[in-house]
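A.B. asks: At the far end of the sequence shown sits residue 322, using my numbering, and the numbering has no gaps.
No residue lacks a Cβ here, since even glycine has one placed at the ideal position from N, Cα and C.
Below you will find the structure I want to go over with you.
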Amino acid sequence: MVGTNRNSKSKLTVRYGLAVILLFIMVYPYLYMVLNSFADWSQVDQKFIPSSYSTKSYNWLFSGGETGITRPWVSSFFNSVLVSIASTALMMMSGIMVAYALSKLNFRGRDTINNFVLFHMFFPAIILLIPTFLIVQKVSLYDTYWGMILPKAVSLWAIFMYTNFFKAIPSVFIEAAKLDGASDFKIMYRIMLPMSKSITTVIFLFLIMERWTELLWDMIIVRSDDMLTLNVLLSQMFGPYGTYPGPLYAASVLLTIPIIILFIFFGKKFQEGMQFNLK
């Protein structure tokens, strides 16, 4: 009996030890980034844990970098928030509507569209970058909010995720709602959406994180300073003037803060959604 208890304790110790090691491996890169963003420039990338710290890297960013030109930080942050929220909302709305049609409505060509969505997901988005830019320029949306938002208004990944989730919902709910005279629109937002809260949180976090970190499209479509997003603003500060490791770490920390805040608020729902998908 004593031997069995000792073996159990030993196994438990090993498991906790491995868990701590894996957690450290996953967390340390971010911790390293934060520490080096506050490190003296002579200490950046010199040690695992810097021995002296300062706010020089953040001062460098907010004082205009190498040129000393004041940057539109407030407007760039506002632009990033506006574009990210608007694009994410449109991606989720279009994803729900298309997924509902593909999973619960019977019409000619449904399987073809389903296959097209799946097939199109294998192509990198950069292939359509130039045609999309030419279209946006043609309709006079260059250097506008709509030019940044509308090309990102549809997510095939969101459509794919919602379609597979909606297929698992019994059609008896929809049939009962239609007997009560409910329209497809009302069924989508009064029945399907409340039943998919778990997957909706997962999709929302992934989509807004993807749009928040978007750089290439915003660099191409934005020209004026008052339309810059945070990513483009930071890329302009580093691009022409060489490399500055400390400020680069500081910029990365600033960009990740909103995402961390979102995960803090929606972390529990995110875990529930991921656990549901794994079952």
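Consult DSSP for Tyr284 and reduce its assignment to one of helix, strand or coil.
C.D. replies: As a working note, residue 284 is residue 241 in the sequence shown. With a pLDDT of 49 at Tyr284, under the threshold of 50, the modelled position of that residue is not reliable, and no figure is offered here.
A.B. asks: Give a yes or no on whether the C-beta atoms belonging to Lys138 and Ser214 are separated by under 9 Å.
C.D. replies: Counted from its first residue, the sequence shown places residue 138 at position 95. Counted from its first residue, the sequence shown places residue 214 at position 171. Strictly speaking, residue 138 in this sequence is Gly, with Lys absent from that position. With a cutoff of 9 Å on beta-carbon distance, Gly138 and Ser214 are scored as not near each other.
A.B. asks: Helix, strand or coil for Ala211? Go by DSSP, reduced to three states.
C.D. replies: On the sequence shown, position 168 is the one that residue 211 refers to. The answer is coil: DSSP assigns Ala211 none of H, G, I, E or B.
A.B. asks: Could you check whether the region 249-263 touches the region 118-131, counting it as contact only if at least three pairs of C-beta atoms, one from each stretch, sit closer than 8 Å?
C.D. replies: At 8 Å Cβ cutoff, the stretches touch.
A.B. asks: Between the region 60-77 and the region 286-297, do three or more beta carbon pairs fall short of 8 Å?
C.D. replies: yes
A.B. asks: Got a sec? Which residues, its chain only, sit under 6 Å from Trp103 by beta carbon, not counting five neighbours each side?
C.D. replies: Your numbering for residue 103 matches position 60 in the sequence shown. Excluding positions up to five away in sequence, the list reads Pro290.
A.B. asks: Tell me whether Tyr96 sits in a helix, a strand or coil according to DSSP, three-state version.
C.D. replies: The residue given as residue 96 occupies position 53 in the sequence shown. Of the three classes helix, strand and coil, the one that applies to Tyr96 here is strand, per DSSP.
A.B. asks: Around the Cβ of Asp261, are there at least 16 other Cβ atoms within 10 angstroms (buried) or fewer (exposed)?
C.D. replies: As a first step, residue 261 must be located in the sequence shown, where it is residue number 218. Result: buried.
A.B. asks: Using only the alpha-carbon positions, how far apart do Lys195 and Ser118 sit?
C.D. replies: As a working note, residue 195 is residue 152 in the sequence shown. As a working note, residue 118 is residue 75 in the sequence shown. Lys195 and Ser118: Cα-Cα distance of roughly 21 Å.
A.B. asks: Return the chain-ordered list of same chain residues with a C-beta closer than 8 Å to the C-beta of Val275, the five sequence neighbours on each side being excluded.
C.D. replies: Here residue 275 refers to the residue found at position 232 of the sequence shown. Excluding sequence neighbours, Val275 sits near Ser119, Leu258, Asp261, Met262, Val265.
A.B. asks: Could you tell me the distance, in whole angstroms, from the CA atom of Asp227 to the CA atom of Leu277?
C.D. replies: To locate residue 227, count along the sequence shown from 1; it is residue 184. To locate residue 277, count along the sequence shown from 1; it is residue 234. Each residue's alpha carbon lies about 45 Å from the other.
A.B. asks: Might you give, ordered along the chain, the residues of its own chain that have their beta carbon closer than 8 Å to the beta carbon of Asp186, omitting 5 neighbours on each side?
C.D. replies: Taking the sequence shown and counting its residues from 1, the one referred to as residue 186 is at position 143. Same-chain partners within the cutoff: Ile264, Val265, Arg266, Ser267, Met270.
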